[in-house]
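The structure under discussion appears below in the form of structure tokens.
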């Protein structure tokens, strides 16, 4: 064998030898990469999370230490603080839902004070027992007792005793209506101060219904007349 042939043989063996070991090296690298991927997919231990958490006390509860007494004390402190926080939050929420308010009063002393103005509010603007047939004829629709055809409205909502009286008063056969005045109607059917006032004392002196004067009759009449002259509702 010549020198040139020996050299080529040695170089060929040298170049071919590493190619035999390449598959093993590739398999080793693949196994390492798969192991790294499996480690990344697994969640970290609770101790790692607790050590990096800013929640006070949790790092002492979940730690690598084996001292049970210390960890139990931290668990007790942590649960006690959490319970106290929840109780305070619930108490404040309940207090907020009660809608508390504070009323402030300014008291001013005066040597002379006029008799105060008192407003009596009564949802029943008239007494049904004082309503006459002529009142129903003129104001029955305004009072929501009759419809446009002078018939009783919503009979199923009226009490039996009231319905019987209303049927008698709403019978307009052979009836001749008389003039109607809204002010006279409210003066006659409205509630009197004598019936509503039970007792009255002002600055140590007893007062009665005669000490009160009605100031809203004219205004009440204008409001009632305005309602009476307004167009009827659409049915």
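In UniProt numbering, the protein residues as written are 1 to 235. All C-beta atoms, glycine included, are put in the ideal place defined by N, C-alpha and C. The model shown is predicted, which means the values in this text are computed figures rather than measured ones.
By the 10 Å Cβ neighbour count, where 16 or more other Cβ atoms means buried, how is residue i classified, buried or exposed?
{"i": "residue 155", "result": "exposed"}
{"i": "residue 166", "result": "buried"}
{"i": "residue 131", "result": "buried"}
{"i": "residue 182", "result": "buried"}
{"i": "residue 24", "result": "Caution applies to residue 24, whose pLDDT of 47 falls short of 50 and renders its modelled position unreliable; the value that the coordinates give is listed next. The residue in question, residue 24, is exposed, as its Cβ has fewer than 16 Cβ neighbours within 10 Å."}
{"i": "residue 104", "result": "exposed"}
{"i": "residue 185", "result": "buried"}
{"i": "residue 26", "result": "The predicted position of residue 26 is uncertain, since its pLDDT is 47 and thus under 50; a value taken from the coordinates is nonetheless stated next. Exposed, by the Cβ-count rule."}
{"i": "residue 70", "result": "exposed"}
{"i": "residue 22", "result": "Low local confidence applies: a pLDDT of 47 at residue 22 is under 50, so the model's placement there is unreliable, and no value is given."}
{"i": "residue 98", "result": "exposed"}
Quick check on residue i: does DSSP put it in helix, strand or coil?
{"i": "residue 105", "result": "coil"}
{"i": "residue 141", "result": "coil"}
{"i": "residue 96", "result": "helix"}
{"i": "residue 151", "result": "coil"}
{"i": "residue 132", "result": "coil"}
{"i": "residue 186", "result": "helix"}
{"i": "residue 21", "result": "Its pLDDT being 47, under 50, residue 21 is placed unreliably in this model, and the coordinates cannot settle the point."}
{"i": "residue 31", "result": "Caution applies to residue 31, whose pLDDT of 49 falls short of 50 and renders its modelled position unreliable; the value that the coordinates give is listed next. In this structure, residue 31 counts as helix in the three-state DSSP scheme."}
{"i": "residue 156", "result": "helix"}
{"i": "residue 146", "result": "strand"}
{"i": "residue 69", "result": "helix"}
{"i": "residue 83", "result": "helix"}
{"i": "residue 165", "result": "helix"}
{"i": "residue 60", "result": "helix"}
Can you check whether the CB of residue j is closer than 7 Å to the CB of residue i?
{"i": "residue 194", "j": "residue 209", "result": "yes"}
{"i": "residue 190", "j": "residue 95", "result": "no"}
{"i": "residue 177", "j": "residue 134", "result": "yes"}
{"i": "residue 172", "j": "residue 150", "result": "yes"}
Pull up the CB-CB distance for residue i and residue j, whole angstroms please, since I reckon it's below 8 Å.
{"i": "residue 152", "j": "residue 143", "result": "So it is not a contact: roughly 12 Å between Cβ atoms."}
{"i": "residue 244", "j": "residue 148", "result": "Given a span of 1 to 235 for the chain in the structure shown, any question on residue 244 remains unanswerable."}
With 7 Å as the threshold, decide whether the Cβ of residue i is near any Cβ in chain B.
{"i": "residue 127", "result": "Absent from the structure is chain B; it holds one protein chain and no more."}
For this session: For the segment 170–186 and the segment 129–147, state whether three or more C-beta atom pairs, one from each stretch, are separated by less than 8 Å.
Result: yes
Exercise. With contact counted as at least three CB pairs below 8 Å, one residue from each stretch, are the segment 56–66 and the segment 75–84 in contact?
Worked result: yes
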